[in-house]
Amino acid sequence: MVISNKPLRFILAAFVMCLPLLNFANPTADSTVVATETAQHEAAAGHKEGHAEPTDLKSQINAFKKHHVLDAHDFTLFSDNSTGYHFGFPLPVILLDNGLQVFSSSKFNHGESVAESNGNYYKINHHDGKIYKTDAAGTITEDEKTGHPTNVRPIDFSITKNVFVILIVAFLIFLLFKGLASSYQKNGSIAKGPGRIFEPLVLYVRDEIAIPNIGEKHYKKYMSYLLTIFFFVLFLNIVGLTPLGINVTGNITITAALAMLTFLITNLSANKNYWGHIFWMPGVPKPMRVILAPIELLGVFIKPFSLMIRLFANIFAGHIVLMSIIGLMFIFKSWIGSSLSFGLAFVLSLLEILVAFLQAYIFTMLSALYFGAANEEHHHEEAHH
Amino acid sequence: MEKLINQFELGLFFWQMLIFVGLILLLKKFAWKPILDAVNTREEGIRSALLSAENARNEMQNLKSDNEKLLAEARAERDLMLKEAREMKEKMVADSKAEAQAEGARMIEQAKTAIQSEKNAAMAELKSQVSSLSLEIAEKLLKDELSNKDSQMKLVEKMLGDAKLN
Numbered sequence: 045m046v047i048s049n050k051p052l053r054f055i056l057a058a059f060v061m062c063l064p065l066l067n068f069a070n071p072t073a074d075s076t077v078v079a080t081e082t083a084q085h086e087a088a089a090g091h092k093e094g095h096a097e098p099t100d101l102k103s104q105i106n107a108f109k110k111h112h113v114l115d116a117h118d119f120t121l122f123s124d125n126s127t128g129y130h131f132g133f134p135l136p137v138i139l140l141d142n143g144l145q146v147f148s149s150s151k152f153n154h155g156e157s158v159a160e161s162n163g164n165y166y167k168i169n170h171h172d173g174k175i176y177k178t179d180a181a182g183t184i185t186e187d188e189k190t191g192h193p194t195n196v197r198p199i200d201f202s203i204t205k206n207v208f209v210i211l212i213v214a215f216l217i218f219l220l221f222k223g224l225a226s227s228y229q230k231n232g233s234i235a236k237g238p239g240r241i242f243e244p245l246v247l248y249v250r251d252e253i254a255i256p257n258i259g260e261k262h263y264k265k266y267m268s269y270l271l272t273i274f275f276f277v278l279f280l281n282i283v284g285l286t287p288l289g290i291n292v293t294g295n296i297t298i299t300a301a302l303a304m305l306t307f308l309i310t311n312l313s314a315n316k317n318y319w320g321h322i323f324w325m326p327g328v329p330k331p332m333r334v335i336l337a338p339i340e341l342l343g344v345f346i347k348p349f350s351l352m353i354r355l356f357a358n359i360f361a362g363h364i365v366l367m368s369i370i371g372l373m374f375i376f377k378s379w380i381g382s383s384l385s386f387g388l389a390f391v392l393s394l395l396e397i398l399v400a401f402l403q404a405y406i407f408t409m410l411s412a413l414y415f416g417a418a419n420e421e422h423h424h425e426e427a428h429h
Numbered sequence: 329m330e331k332l333i334n335q336f337e338l339g340l341f342f343w344q345m346l347i348f349v350g351l352i353l354l355l356k357k358f359a360w361k362p363i364l365d366a367v368n369t370r371e372e373g374i375r376s377a378l379l380s381a382e383n384a385r386n387e388m389q390n391l392k393s394d395n396e397k398l399l400a401e402a403r404a405e406r407d408l409m410l411k412e413a414r415e416m417k418e419k420m421v422a423d424s425k426a427e428a429q430a431e432g433a434r435m436i437e438q439a440k441t442a443i444q445s446e447k448n449a450a451m452a453e454l455k456s457q458v459s460s461l462s463l464e465i466a467e468k469l470l471k472d473e474l475s476n477k478d479s480q481m482k483l484v485e486k487m488l489g490d491a492k493l494n
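Order-wise, the sequence lines are chains P and C. Note that my numbering has the first sequence beginning at 45, numbered continuously upward. Note that my numbering has the second sequence beginning at 329, numbered continuously upward.
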């Protein structure tokens, strides 16, 4: 090839720049078709459902994105909206409402029917995917101002899609590392089997994350947590990138639980020196100590909070952006635009794989850093500054 | 923010905590502890193997230098012995030479004294022979020439002069 890289990139950039022009010009004819379709659909579906089912392509994609990032009560791999066919399997629903109500989520019929259990009626709200208690007809009254349903929510301990995935991934991690552990004994201290791929990662967590941040003396008691959280987050991030439609680490509840564990472990294992640095900072004038104490105390809560938000936002945003670009393929409906957005989606997927590793690393690394701060001893101080 | 708080699910939180803490405990017992122990013992083994290799190398080096030292010592000893032998040889040669000289000198001396004594003896014999000869001469002279006084006197004088030459 005689053409150097630079003009090629230029042409590509110019192409991408021109794309919106091309696609604004083209699909005027298409959108009318969609509109008529929409009208028909609404006529057919509007009566049966209490809410308006999104029918034009853009809002369908948006609805799909919104539902994808939320938890669900059944595991749907794919579905055909026009026929109402869903491929997947139901999961058990466990509600604490007048005693324990346990039934299969197939009763909800993918949110279209009212489920009955021991004389109680429940329905899944389409907006947030949560179960509300209703009457036999399944009416959900919505708050005028906020748009939130005003129905009572039963306490929901269902094995939702996320719980199911967590269980599977936990089982997988357990099997993998159990296998690795037993392969050492069988094979004379040398790893064998599928687990050996992860041995360098285990060593990496120990040598590059735990020991430098916590220190040779205390790192051992945190290793189990750090390794578990690293592989848990990593595996769930990776699983989230598969086309199974899973989004666990992009769920604020999960990241909150993980961050809370880091918070608890940090503060429960903290030594005197750590609390001394928070409430009575050594080495600064006394009035400053009074001012610093609330700031430092706030920091104790902000640290795990940032952990929670960071992981959630990265994975959530990754999923949204990736799905938007995949959605663009269907919106463009031209071979240039669609293939370009395919390429973009491909590159972004690669980036998301990097993010999957990076976020697992950062979560573990920062947890280790906080543990290290909680265990810092006085004579270590001088070495750090 | 409100949307985020709304997304928080108590049930999911409960399950997540339960599963995750359970996973930590299970993995700790069945995976992390054996894995880290195995890795540690392996690393310990590698470290000690390296250390012992290093020690062995050092020992070998020591041995080698010891050998060299011994060799050098042996060489020095050999040199010393050779030198001593050479010196002894020289000394012996010198000694024997001196002895031979002394012997020679002694023998010469002996010969000299022997010659002297022989000479003395010969002298004495000569003297006695001369005296007897002179006596005989005197006898003959006395017998023959007592008539011829003058010539006799001359003859005696001449004879005495001859005898003095001895």
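Every residue gets a Cβ at the ideal spot worked out from N, C-alpha and C, and that includes glycine.
Rounded straight-line distance, which links the Cα of Ala357 (chain P) to that of Ala107 (chain P)
Here residue 107 (chain P) corresponds to residue number 63 of the first sequence, with the count starting at 1. Here residue 357 (chain P) corresponds to residue number 313 of the first sequence, with the count starting at 1. Ala107 (chain P) and Ala357 (chain P): Cα-Cα distance of roughly 19 Å.
Interface positions of the segment 369–389 of chain C facing chain P (Cβ-Cβ less than 9 Å), listed along the chain
Those would be Thr369, Arg370, Gly373, in chain order.
So, Thr178 (chain P) versus Val158 (chain P), is the Cβ gap smaller than 8 Å?
Taking the first sequence and counting its residues from 1, one reaches residue 178 (chain P) at position 134. Taking the first sequence and counting its residues from 1, one reaches residue 158 (chain P) at position 114. The answer is yes: Cβ separation under 8 Å.
Residues of its chain near Lys92 (chain P), where Cβ-Cβ distance is below 7 Å and the 5 sequence neighbours each way are ignored:
Within the first sequence, residue 92 (chain P) is the residue found at index 48, counting from 1. Residue placement at Lys92 (chain P) is poorly supported in this model, since its pLDDT is 38, which falls under 50; the coordinates still yield a value, given next. Excluding the 5 residues flanking it on each side, Lys92 (chain P) has no same chain C-beta neighbour closer than 7 Å.
Please check if any C-beta of chain C sits within less than 8 Å of the C-beta of Thr306 (chain P).
To locate residue 306 (chain P), count along the first sequence from 1; it is residue 262. Taking 8 Å as the CB threshold, Thr306 (chain P) stays off the interface with chain C.
At which residues does the beta strand (DSSP E) containing Pro136 (chain P) begin and terminate?
What you label residue 136 (chain P) is simply residue 92 of the first sequence in a count that begins at 1. Boundaries of the beta strand (DSSP E) harbouring Pro136 (chain P): 136–140, taken from the DSSP string.
Ala159 (chain P) in three-state terms, based on DSSP:
Here residue 159 (chain P) refers to the residue found at position 115 when the first sequence is read from its first residue. Ala159 (chain P) falls in the strand class under three-state DSSP.
If Leu353 (chain C) and Phe218 (chain P) are in contact, beta carbons under 8 Å, what's the gap, nearest whole angstrom?
Here residue 353 (chain C) refers to the residue found at position 25 of the second sequence. Here residue 218 (chain P) refers to the residue found at position 174 of the first sequence. The pair is not a contact, with the Cβ atoms about 11 Å apart (cut-off 8 Å).
My assumption, with CB atoms under 8 Å, is that Leu114 (chain P) sits in contact with Phe201 (chain P). Please give the rounded CB distance.
Residue 114 (chain P) sits at position 70 when you count from the first residue of the first sequence. Residue 201 (chain P) sits at position 157 when you count from the first residue of the first sequence. Rounded, the Cβ-Cβ distance is 17 Å, inconsistent with contact.
Validate contact between the segment 248–258 of chain P and the segment 412–422 of chain P using beta carbons, cut 8 Å, 3 pairs
Enough Cβ pairs lie closer than 8 Å, so yes.
For Ile175 (chain P), report the span of its beta strand (DSSP E) as first-last.
Your numbering for residue 175 (chain P) matches position 131 in the first sequence. For Ile175 (chain P), the enclosing beta strand (DSSP E) begins and ends at 175–178.
Any beta carbon from chain C within less than 8 Å of Ser204 (chain P)'s own beta carbon?
In the first sequence, residue 204 (chain P) corresponds to position 160, counting from 1. Correcting the residue identity first, residue 204 (chain P) is Thr in this sequence and not Ser. By this cut-off, Thr204 (chain P) is an interface position.
Under 7 Å from any heavy atom of the ligand MN, does the C-beta of Leu384 (chain P) make it?
Because no ligand of any kind appears in the structure shown, any question about the ligand MN cannot be addressed here.
Do you know how far the Cα of Ile210 (chain P) is from the Cα of Met345 (chain C)?
In the second sequence, counting from the first residue as 1, residue 345 (chain C) sits at position 17. In the first sequence, counting from the first residue as 1, residue 210 (chain P) sits at position 166. Straight across, the Cα-Cα distance linking Met345 (chain C) with Ile210 (chain P) is about 11 Å.
Roughly how many angstroms lie between the CA atoms of Thr204 (chain P) and Thr293 (chain P), to the nearest whole one?
Within the first sequence, the letter at position 160 stands for residue 204 (chain P). Within the first sequence, the letter at position 249 stands for residue 293 (chain P). Taking the straight line joining both Cα atoms gives about 14 Å.
Proximity below 8 Å, CB of Val246 (chain P) to CB of Ile363 (chain C)
The sequence position of residue 246 (chain P) within the first sequence is 202, counting from 1. The sequence position of residue 363 (chain C) within the second sequence is 35, counting from 1. Going by C-beta atoms, Val246 (chain P) is nearer than 8 Å to Ile363 (chain C).
Cut-off 6 Å between Cβ atoms - residues of its own chain near Leu66 (chain P), not counting five sequence neighbours on either side
Position 22 of the first sequence, counted from the first residue, corresponds to residue 66 (chain P). Note that Leu66 (chain P) has pLDDT 44, beneath the 50 cutoff, so the model's placement of it is unreliable and no number is given.
Hey, does Leu364 (chain C) have any beta-carbon neighbour from chain P nearer than 8 Å?
Taking the second sequence and counting its residues from 1, one reaches residue 364 (chain C) at position 36. At least one chain P Cβ lies under 8 Å of Leu364 (chain C).
Residues in its own chain within less than 7 Å of Asn195 (chain P) by CB, not counting five upstream and five downstream?
Position 151 of the first sequence, counted from the start, is the residue given in the question as residue 195 (chain P). Take Asn195 (chain P), set aside five residues on each side of it, and the residues of its chain with a beta-carbon closer than 7 Å to its own are Tyr176, Lys177, Thr178, Ile184, Thr185, in chain order.
Can you pull the chain C neighbours of Asp118 (chain P), defined as C-beta to C-beta under 7 Å?
Residue mapping note: residue 118 (chain P) aligns to position 74 of the first sequence, counting from 1. What Asp118 (chain P) touches in chain C: nothing, since even the nearest Cβ is about 15 Å away.
With 8 Å as the threshold, decide whether the Cβ of Ala404 (chain C) is near any Cβ in chain P.
Position 76 of the second sequence, counted from the first residue, corresponds to residue 404 (chain C). Taking Cβ atoms only, chain P never reaches closer than 8 Å to Ala404 (chain C), which makes this a no.
Establish whether the CB of Ser268 (chain P) and some CB of chain C are separated by less than 8 Å.
Here residue 268 (chain P) corresponds to residue number 224 of the first sequence, with the count starting at 1. Closer than 8 Å to some Cβ of chain C, the Cβ of Ser268 (chain P) qualifies, so yes.
So which residues of chain C does Leu200 (chain P) contact, with C-beta pairs closer than 8 Å?
Counting from one through the first sequence, the residue named residue 200 (chain P) turns up at place 156. Leu is not the amino acid found at residue 200 (chain P); the sequence shown has Asp there. Under the 8 Å cutoff, chain C gives Glu337, Leu338, Gly339.
Could you name the residues of the same chain whose beta carbon sits closer than 6 Å to that of Glu340 (chain P), not counting the 5 residues immediately before and after it, in chain order?
By one-based count along the first sequence, residue 340 (chain P) stands at place 296. The residues are Ile322.
DSSP-derived helix/strand/coil call for Val213 (chain P)
Within the first sequence, the letter at position 169 stands for residue 213 (chain P). Three-state result, Val213 (chain P): helix.
Delimiting residues of the alpha helix (DSSP H) encompassing Asn257 (chain P)
As a position in the first sequence, residue 257 (chain P) is number 213, starting the count at 1. Counted as a single uninterrupted DSSP element, the alpha helix (DSSP H) harbouring Asn257 (chain P) occupies residues 255–258.
Apart from the five residues just before and just after Phe119 (chain P), which ones in its own chain have a Cβ nearer than 7 Å to its Cβ?
Working through the first sequence from its first residue, we reach residue 119 (chain P) at position 75. Residues Gly132, Phe133, Leu135, Lys205, Phe208 of the same chain have their beta carbon placed closer than 7 Å to that of Phe119 (chain P), with the five preceding and five following residues left out of the count.
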